[in-house]
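Below is one structure, written out as structure tokens; comments come after it.
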Amino acid sequence: MHFDFSDEQKALRDSFRRNLEKNCPISSVRAIIDSAAGHDAALWRNLSQGGFLAAAIPEAFGGAGAGYLELCVVAEECGRALAPLPTVSSVYQATEFLLAAGSAAQKAAWLPKLASGGAIGTLALAERPGETTPSSIEARVVGGRLTAIKIPVADGMAADIALVLARDERNALSLFLARLSQAEVERTPVKTIDPSRKHARLVFNRAEVEPVGEPGQGWKLLEAIRDRAAVLVAFEQIGGADRALTMARDYALQRFAFGRQIGSFQAIKHMLVDMYVSLELARSNCYFGAWALSANSESLPAAAARARLAATAAYQLCSTNNIQVHGGMGFTWEFDCHLYYRRSNYLALALGGPALWESRLIGQIRPAAA
Amino acid sequence: MNFDDTPQEAKFRARAAAWLAVNVPREFEAGLNASAYGKLQLEGVDPLVAARRWQKRKSEAGWAAPLWPKEYGGGGVSPIERVIWAQEEGTYSKLSGPFIIGLGMCGPTVMAWASEEQKRTLLPKLASGEQIWCQLFSEPVAGSDLAGIRTRAERQGDEWVINGQKIWTSGARDADWGLLITRTDPSVAKHRGLTMFFLDMHSPGVEIRPIRQMNEDAGFNEVFFANVIVPDRQRLGAVGQGWTVALTTLMNERMSIGGGMPTGFPELLEFCARMQTESGAAIDDPHVRSRLASFAVRASGLQYSAWRTISALSRGEQPGPENSIGKLVAGAMMQDIAKFALSLEGEAGLILDPELAPDRARFQAMLLRSPATRIEGGSDEILRNIIAERVLGLPADIRVDKDLPFDKIPRGDPH
């Protein structure tokens, strides 16, 4: 049994981590937060050209052709660095939709650009509060023209294209591709709980779209791609959780109160251990998710839900307790704790919230009725 | 990333499976599958007799203590081969319950500290199940604070005289030998005044009383010593070195592979699929699904963490720190799962009679046993301290009694 990443994959992780430490310090994350820009464009180009973010795109479409285990490693480091990049939108979703269901022409037109960082894609899905379900979609395409309001759309201001879930003329949920530069698309920035990953409200006023995949297959395709994205987002989550745990540990060693390191109090020690335990359980679930993703296993839907739920719980716990360990300083804008807290709560919702994934997991592992 | 054996591992697995195919006591298979929490349900045979028979058969073929050197009754296999053996032995490993303390803790301590002659005499009989060992560590006043034990050993020529009391001794009534930690010098700091022995449990002056547990079972015992004589040649390590020797035992206690701990989750999942509510099967209720999912990811997290440990062993590496979380997670989980299952049973959940309760009172039994899991073999709090200090590198607790002579340490009782 070799239930671990290979030495080459670990070397990739180490070099990519060093790359991000140099090129994506926390100061550049803060610069994006304070700017109108949706992401760190220089970093995006640099990493795309290095092939890191295109690890799973085949070489024929301009990718590195390495594989999903490599992309998991990259995702973990993006999460650790809080990288302000369109990963959830473009790398884990738009690219995957095109790989899975794009026509030859769509793949040829967009995948090389997505791989090189020359274009950004996103998914425009949610329309109203509550989990998105088939019946919550009102977006409609008539005569190749889309009318819809989609909010929130990740990287909606910066994206060049959006994959949009909408009803076709036969009322069947289908997937469409829209260029966002056309005049029939109105884009407005939306302030969210995590300003290091920008979102927008997109209004489509009879915007021109083209179908992606078969009519009526939109929902099925969405679920399939979200399973894949869930594993990758889970790696971002454990990367962030690991960083938050390390921050809390380091602060507990350095901060003195009552004449001793606060890390010598069991109240703090045990809190940190609970964070560690949660993270290890998440990491192990993520490893299985990575295997299922890379092997295209039938167990991917259950594995993805496990990875997502465990990683969501771990990141939320670690980022929450990280503030608690820091005390009042953790509540300041100046300290970085809130950046992880914000990111953890954004990622918890990015692909649908925990209740959706809980139901999905139990649906998968439900024993046959007696 | 793959789940395949190496060619060498596959060869070993085939050898183990081939031996098991013709040697396992198949008549016990159903009973063993139904047995949980160390209580064997075997038809028409004393479980200890069945256990000894299986252990003896394994020892004749070198499978009884696979990791030990052959000259001490072992099989001389590698750590990963031991894991493969355990996977193949499967449900039949439950028969080894009476020997776990000896094989897992006393044996390795004897191997590290006894004379060559003693090792060659004692260990093969331990491995084969001919002699059973117990561990005499905890006392009424010293559990988590093990170095605070008070059982005295006083030297008289070539012998030692033991007086005091131990508690929570599993299997003491069946044991032939006990690994005994004593205080030999109360005038020095507590960790420095300890000495380890092994003693014949049939010695005059040893009295064993079963403890009636809160779940009405009696797996644990109190052991009393009244002027029990132990020869000096049965001392392990130097006088005053007992704490170091004890650490050998405790390290082995924590070396066992995580993931093997029962959590109750498979039972709960199956129960929720079967249990009917007003609106259909319980498993289809969103609230039930939410709780089930949070248990599910912890159960799978433990399972996959065990695979990471096995992968490290397969590469010839030491298991990583992920191995330390198993009991901490599984113990609390079992308690939560029991309470959740009972809540789904409604008022019937309070029935303990297996003839009348849902699922033969399986979750009621779990409720009443699970508090022990969170205490035995290192309490949740001690495990958290260990992980905090050894894995996360946090400072050790401030110990106000560390440098005091043992007999000057404040006590909460008038003795």
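These protein sequence lines map, in sequence, to chains V and U.
So the first sequence is numbered by this note's numbering: it starts at 1 and just counts up by one.
So the second sequence is numbered by this note's numbering: it starts at 1001 and just counts up by one.
Cβ atoms here follow ideal geometry from the backbone N, Cα and C, with glycine treated the same way.
Owing to the predicted nature of the structure, the values given are computational and were not obtained by experimental measurement.
In terms of CA proximity to V/ASN285, V/ARG306 leads the group V/PHE5, V/ARG306 and V/SER174. Listed by position along chain V, the residues whose Cβ is nearer than 8 Å to that of U/ASP1397 are SER264 and GLN266.
DSSP places U/MET1196 in the strand class (E or B) of the three-state scheme. Look at U/LYS1402 here: in three-state DSSP terms it is coil, with no helix or strand label. Rounded to the nearest angstrom, the gap between the Cα atoms of U/ASN1252 and U/ALA1153 is 25 Å. In the three-state DSSP reduction, U/GLU1278 falls in the coil class, being neither helix nor strand. Using beta-carbon distances, V/HIS2 counts as an interface residue toward chain U, with a partner under 9 Å. Selection V/PHE52, V/PRO211 and V/LEU309 evaluated against V/GLY144 yields V/PRO211 as nearest (Cα-Cα).
For V/PRO58, no beta strand (DSSP E) encloses it, and the DSSP letter there is neither H nor E.
At a cut-off of 9 Å, the C-beta of V/PRO367 has a neighbouring C-beta in chain U.
When the alpha-carbon of U/THR1184 is set against those of U/ILE1211, U/SER1170 and U/ARG1155, the nearest one is in U/ARG1155. Exclusion of the five residues before and after V/TRP44 leaves LEU85 and GLY117 as the residues of its chain whose Cβ lies within less than 6 Å of its Cβ. The alpha carbon of V/GLY156 has as its nearest neighbour, out of V/LEU361, V/SER297, V/LEU180 and V/LEU356, the alpha carbon of V/LEU180.
Excluding the 5 residues flanking it on each side, V/ALA119 has same chain C-beta neighbours closer than 6 Å at LYS113 and ASP160, in chain order.
Residue burial is scored here from C-beta neighbours: U/THR1006 has fewer than 16 other C-beta atoms within 10 angstroms and is therefore classed as exposed.
For U/VAL1329, the C-beta contacts it makes with chain V under 8 Å involve VAL277 and LEU281, in order along the chain. The beta-carbon distance between U/LYS1166 and U/VAL1228, rounded to whole angstroms, is 11 Å. This is too long to meet the 8 Å contact definition. Cβ neighbours of V/PRO58 within its own chain (closer than 7 Å, five residues either side excluded): GLY65.
Taking the Cα positions, V/TRP219 is about 31 Å away from V/GLU77. Just measuring C-alpha positions, the residue of U/ALA1365, U/GLY1393, U/ARG1315 and U/ASP1397 sitting nearest V/PHE5 is U/ARG1315. Counting only runs of 4+ residues, the alpha helix (DSSP H) found wholly inside the region 1080–1138 of chain U occupies 1107–1113 and 1116–1127, in chain order. Listed along chain V, no residue sits closer than 7 Å to U/TRP1085 by beta-carbon distance, the nearest being about 14 Å off. Think of a sphere of 9 Å around the beta carbon of U/MET1001: the chain V residues whose beta carbon falls inside it are HIS2, PHE3, ASP4, PHE5, SER6, GLN9, LEU69, TYR287, ALA290, TRP291, SER294 and ALA295, in chain order. Cα atoms of V/TYR340 and V/GLU280: separation of roughly 18 Å, rounded to the nearest angstrom. The beta carbon of U/ALA1051 sits no closer than 9 Å to any beta carbon of chain V. Of the other Cβ atoms in all chains shown, fewer than 16 fall within 10 Å of the Cβ of V/GLU334; this residue is therefore exposed. U/VAL1206 and V/ARG360 have their C-alpha atoms spaced approximately 59 Å apart. Under the 10 Å beta carbon count, U/SER1343 is surrounded by fewer than 16 other beta carbons and is classified as exposed. Contact between V/VAL142 and V/GLU169 holds, with the beta-carbon distance rounding to 6 Å and staying under 8 Å. Within chain U, the residues placing a beta-carbon under 7 Å from that of V/SER359 are PRO1286 and ARG1289, ordered along the chain. Annotated three-state conformation of U/PHE1271 is helix, per DSSP. Between the region 1305–1313 of chain U and the region 1356–1368 of chain U, the count of C-beta pairs closer than 8 Å stays below three; the two stretches do not touch.
C-alpha of V/PRO195 to C-alpha of V/SER319: approximately 16 Å in a straight line. Minimum Cα-Cα distance from V/GLY121 among the listed residues V/ILE32, V/GLN93 and V/ASN205 corresponds to V/GLN93. Residue state for U/LEU1179 is assigned as strand, using DSSP reduced to three classes. Taking a Cβ-Cβ threshold of 7 Å, the residues of chain U close to V/GLN261 are PRO1395, in chain order.
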